[in-house]
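Residue numbers (our numbering): 1 to 287.
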């Protein structure tokens, strides 16, 4: 089945992007296929996985055109189909399904971020008060035609994300895509009509050199989003350079409540913890 390049539309303002499908504005590097069933899906996934890992080129995403019925069946909360775990986003109205090719860097980065968040809560006595959810499917309502899975997300333990509930903080990792894809992800998660998260963290891993960029996104006025923090971590020889650290996650943004005890406060992830994560990622890349 030959690949077709996905359409690429010019960006508008945030309000316009919120109204139209976030899957109609993807980079040209993402290949598009028509879905013909599970055997064909996994044949394509295996081939693209091998290409991505052998050549280091191309996109970590694939876009499939599928019927509304097919997408709803795959993404149904009670579905036993293993295809769903590879699906990053979907839009049943536009009949589009975005697939993320498995990558050990994503898994490792998510595990490390989860560990850093949990350990930063230990001094507050709240390490067990937050629940992490790898790849939880989020739909803002039962009739919403659009949905998405973050690479990881967090929320108060008594409010797990499900199709009618949203996480307070989401995390997206990118290895091959540009800033525009991650910005689109953040826009979806912070939109009151979609993800309705309080914060989105994005981590971009550079393919060609040891460089990591972490951005923190929050809601702004007039349905817009803003980047409230940027952290750069680079390596030159044996020297690591940092800027913009430490990573600070507002307490109220994570717990959806104000602090009530003296020991409760914003989560602060130090330079040393960020350094550990960066070294782990670069070791997997072979730097």
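Note that beta-carbon positions come from the ideal geometry of N, C-alpha and C, so glycine has one too.
| Quick one: Cα of residue 76 to Cα of residue 235, how far? | Against the chain shown, residue 76 aligns to sequence position 76. Against the chain shown, residue 235 aligns to sequence position 235. Each residue's alpha carbon lies about 43 Å from the other.
| Going by C-alpha distance, which of 210, 86, 261 and 72 is nearest residue 252? | What you label residue 252 is simply residue 252 of the chain shown in a count that begins at 1. Nearest C-alpha to residue 252: 261.
| message | With H, G and I counted as helix, E and B as strand and the rest as coil, what does DSSP make of residue 163? | response | Your numbering for residue 163 matches position 163 in the chain shown. Only weak support exists for where residue 163 lies, its pLDDT of 45 falling under 50; the value from the coordinates is given anyway. Coil, per DSSP.
| request: Report all residues from its chain with a CB closer than 8 Å to the CB of residue 161; omit the five preceding and five following residues, and keep chain order. | output: Counted from its first residue, the chain shown places residue 161 at position 161. In this predicted model, residue 161 has a pLDDT of only 49, less than 50, meaning its place in the structure is not dependable enough to derive any value.
| request: Name, in chain order, the residues that DSSP records as bridge partners for residue 70. | output: Indexing the chain shown from 1 puts residue 70 at position 70. Answer is none; residue 70 lacks a bridge partner.
| said: Using 8 Å as the threshold, is the C-beta distance between residue 254 and residue 274 below it? | reply: For this step, residue 254 is matched to residue 254 along the chain shown. For this step, residue 274 is matched to residue 274 along the chain shown. It is not a contact, given that the beta carbons lie outside the stated cut-off.
| query | So residue 217 is in the beta strand (DSSP E); what residue range does that whole segment cover? | reply | As a first step, residue 217 is located in the chain shown; it is residue number 217 there, counting from the start. That run of the beta strand (DSSP E) goes 211-219.
| Roughly how many angstroms lie between the CA atoms of residue 245 and residue 34, to the nearest whole one? | Numbered from its first residue, the chain shown carries residue 245 at position 245. Numbered from its first residue, the chain shown carries residue 34 at position 34. Cα to Cα, residue 245 sits roughly 44 Å from residue 34.
| Across which residues does DSSP place residue 199 in a beta bridge pair? | One-based indexing of the chain shown puts residue 199 at position 199. Answer by DSSP bridge pairing, in chain order: 169 and 218.
| Under three-state DSSP, which class holds residue 182? | Here residue 182 refers to the residue found at position 182 of the chain shown. If DSSP states are grouped into helix, strand and coil, residue 182 belongs with the helices.
| request: Tell me whether the beta-carbon of residue 85 lies closer than 8 Å to the beta-carbon of residue 61. | output: Here residue 85 refers to the residue found at position 85 when the chain shown is read from its first residue. Here residue 61 refers to the residue found at position 61 when the chain shown is read from its first residue. It is not a contact, given that the beta carbons lie outside the stated cut-off.
| Excluding five sequence neighbours on each side, which residues of the same chain lie with their C-beta closer than 7 Å to the C-beta of residue 180? | Sequence index remark: in the chain shown, residue 180 carries index 180 (1-based). So the list reads 27, once near-sequence residues are dropped.
| task | Mind the definition here: the stretch 108-125 touches the stretch 61-74 only if three or more C-beta pairs lie below 8 Å; say whether that holds. | result | no
| query | Going straight from the alpha carbon of residue 231 to that of residue 150, what length do you get? | reply | In the chain shown, the residue the question calls residue 231 occupies position 231. In the chain shown, the residue the question calls residue 150 occupies position 150. Distance between the alpha carbons of residue 231 and residue 150: 20 Å.
| query | Which partner residues of residue 248 appear in the DSSP bridge assignment? | reply | As a working mapping, residue 248 is identified with position 248 in the chain shown. DSSP lists 268 as the bridge partner or partners of residue 248.
| said: Relative to the C-alpha of residue 228, which candidate in 249, 125 and 39 has its C-alpha closest? | reply: Your numbering for residue 228 matches position 228 in the chain shown. Of 249, 125 and 39, the residue nearest in Cα terms is 249.
| said: Helix, strand or coil for residue 128? Go by DSSP, reduced to three states. | reply: As a first step, residue 128 is located in the chain shown; it is residue number 128 there, counting from the start. DSSP places residue 128 in coil when its eight states are reduced to three.
| request: Count the other CB atoms, across all protein chains shown, that sit within 10 Å of the CB of residue 82; report buried if there are 16 or more and exposed otherwise. | output: As a working note, residue 82 is residue 82 in the chain shown. Looking at its Cβ environment, which holds fewer than 16 other Cβ atoms inside 10 Å, residue 82 is exposed.
| message | Suppose you measure from the CA of residue 287 to the CA of residue 105; what does that come to, to the nearest Å? | response | Residue 287 sits at position 287 when you count from the first residue of the chain shown. Residue 105 sits at position 105 when you count from the first residue of the chain shown. Computed Cα separation, rounded: 13 Å.
| request: Use the C-beta contact count for residue 89: other C-beta atoms within 10 angstroms, 16 or more gives buried, fewer gives exposed. | output: Position 89 of the chain shown holds residue 89. That one is buried.
| message | Beta-carbon within less than 6 Å of residue 189's beta-carbon, same chain only, minus the 5 sequence neighbours each way: which residues are those? | response | Counted from its first residue, the chain shown places residue 189 at position 189. So the qualifying residues of the chain are 170, 195, 197 and 200.
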